[in-house]
Amino acid sequence: MAEQKSDMALLAKINKEKWLYIAAVAFAVIFIITRMDMIAVISAALFIIGVIAESVESAKKNGVMHEIKEIVIAIAVALAVLFAASMIFGTSSPFNAVVSCSMLNTLQRGDVVLLQNAPVNTQEVEITREQFNTIIENGEEHYICTKCTDDGITVRPCLLDPRTGQEVHGKVLEYKCGVCNVKISGKDAQAICTLGVSINGKYFDATNRSGDIIVYRPKREDLFSSIGEIIHRAIVRIRVENESYYLIKGDNNPMFDTQAFDPSFKKTNSLVNSTQVLGRSWLTLPFIGYVKLVGSGQLALPAGCDMLMGEPVKQN
240 MAEQKSDMAL LAKINKEKWL YIAAVAFAVI FIITRMDMIA VISAALFIIG VIAESVESAK
300 KNGVMHEIKE IVIAIAVALA VLFAASMIFG TSSPFNAVVS CSMLNTLQRG DVVLLQNAPV
360 NTQEVEITRE QFNTIIENGE EHYICTKCTD DGITVRPCLL DPRTGQEVHG KVLEYKCGVC
420 NVKISGKDAQ AICTLGVSIN GKYFDATNRS GDIIVYRPKR EDLFSSIGEI IHRAIVRIRV
480 ENESYYLIKG DNNPMFDTQA FDPSFKKTNS LVNSTQVLGR SWLTLPFIGY VKLVGSGQLA
540 LPAGCDMLMG EPVKQN
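Add 239 to a position in the sequence shown, counting from 1, and you land on the number used in the working numbering.
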């Protein structure tokens with residue numbers, strides 16, 4: 240017990256000069272330079288220890304009840320800010336942290352995206368209900384770009400129905416497959432990728448960055464539902480009578496979200512209905528999202544963080 244009191248006294252003494260906070264900031268700067276997750280953990284730990292030491296010192300001076308009151312006020316202020324932001328920006332999720340590398344180099348892991356409930360700006364096409372039903376019935380939105388061979392030797396990009404494993408062509412919606420330059424762990428390579436999509440004869444480039452970055456909530460039965468809210472770019476809006484659907488893609492992903500397929504569970508992702516969109520990005524705050532990553536234990540780099548998409552390989 241005496242040792243614990245001695246340790247807390249030492250922390251309080253150190254914290255009087257704000258050395259813990261200074262060290263936390265120093266490690267945060269080192270993290271910005273190195274991008275090493277362990278440095279972020281150390282920075283967060285030093286900050287938390289500093290807050291605890293400061294709270295203990297304050298409780299000794301002003302009493303425990305005073306400190307509890309301060310904590311309650313701080314929580315109330317945080318909730319009030321969240322509520323006010325939700326009201327001002329018209330969305331239930333005004334802040335969203337980037338937890339993956341699917342939007343590199345536009346968004347970095349650990350960034351926080353501020354959202355607003357506003358019309359999504361992107362490319363657009365209008366189709367009939369009958370054409371939309373054809374897409375859904377055939378599963379054209381789920382066709383994937385992969386490797387095919389005609390002679391057992393020559394490999395070419397092709398479109399495949401993941402349910403049957405057969406090469407296909409879409410009647411209303413058809414993806415254009417190709418090869419893209421990529422860097423994997425810093426080394427140059429090439430990979431099959433989706434170059435764009437034709438919808439009702441109108442072509443849309445998948446590398447077009449003019450569309451808004453949005454946050455949407457996947458349907459419960461979708462593959463991405465286990466991830467949570469998704470921060471990706473709206474490439475094209477499909478208007479069907481009085482409804483709108485979006486084809487979404489991460490800037491650092493080789494395919495559209497609807498092309499992601501899990502063969503083990505036969506799961507993929509639906510076209511995103513406008514009702515699933517929580518808002519569009521209007522401001523990005525770097526590094527703040529690491530608070531969420533540390534708190535939720537998501538510091539380990541997820542799959543895909545060793546890859547960086549490049550430009551499509553020019554076809555002859």
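Where a beta carbon is used, it is the ideal one built from N, C-alpha and C, also for glycine. In this text the structure is predicted, and so the values were computed from the model without any measurement.
For Lys531, the enclosing alpha helix (DSSP H) begins and ends at 529–534. With a threshold of 16 other beta carbon atoms within 10 Å, Ser483 meets it and is buried.
For Gly289, the three-state secondary structure derived from DSSP is helix. Taking a contact as a CB-CB distance under 8 angstroms, the pair Val516 and Phe371 does not count as one, their CB atoms being some 18 angstroms apart.
8 angstroms or more divides the Cβ of Gly417 from the Cβ of Val264. In the structure shown, the three-state DSSP call for Tyr260 is helix. With respect to Leu346, Phe334 sits apart: the two C-beta atoms are not nearer than 8 angstroms. Rounded to the nearest whole angstrom, the C-alpha separation of Glu379 and Thr367 is 16 angstroms.
The DSSP-derived three-state label of Ala283 is helix. Rounded to the nearest whole angstrom, the CA to CA distance from Leu343 to Asn481 is 34 angstroms. Fewer than three Cβ pairs drawn from the region 420–433 and the region 454–474 lie within less than 8 angstroms of each other, which leaves the two stretches out of contact.
Ala283 has its alpha-carbon roughly 38 angstroms from the corresponding atom of Ser509. In the displayed model, Lys299 falls within a helix according to three-state DSSP. Taking the Cα positions, Ala430 is about 25 angstroms away from Tyr485. The straight-line gap separating the alpha-carbon atoms of Gln537 and Val338 is approximately 8 angstroms. Taking C-beta separations shorter than 6 angstroms and ignoring five residues to either side along the sequence, the partners of Lys415 in its chain run Leu434, Gly435, following chain order. Nearest neighbour of Tyr455 by Cα position, chosen from Ile487, Lys441, Glu406, Met548, turns out to be Ile487. Here the alpha carbons of Gly518 and Val359 stand approximately 8 angstroms from one another. Just measuring C-alpha positions, the residue of Cys387, Asp461, Arg476 sitting nearest Lys505 is Asp461. Met304 and Glu296 have their C-alpha atoms roughly 13 angstroms apart.
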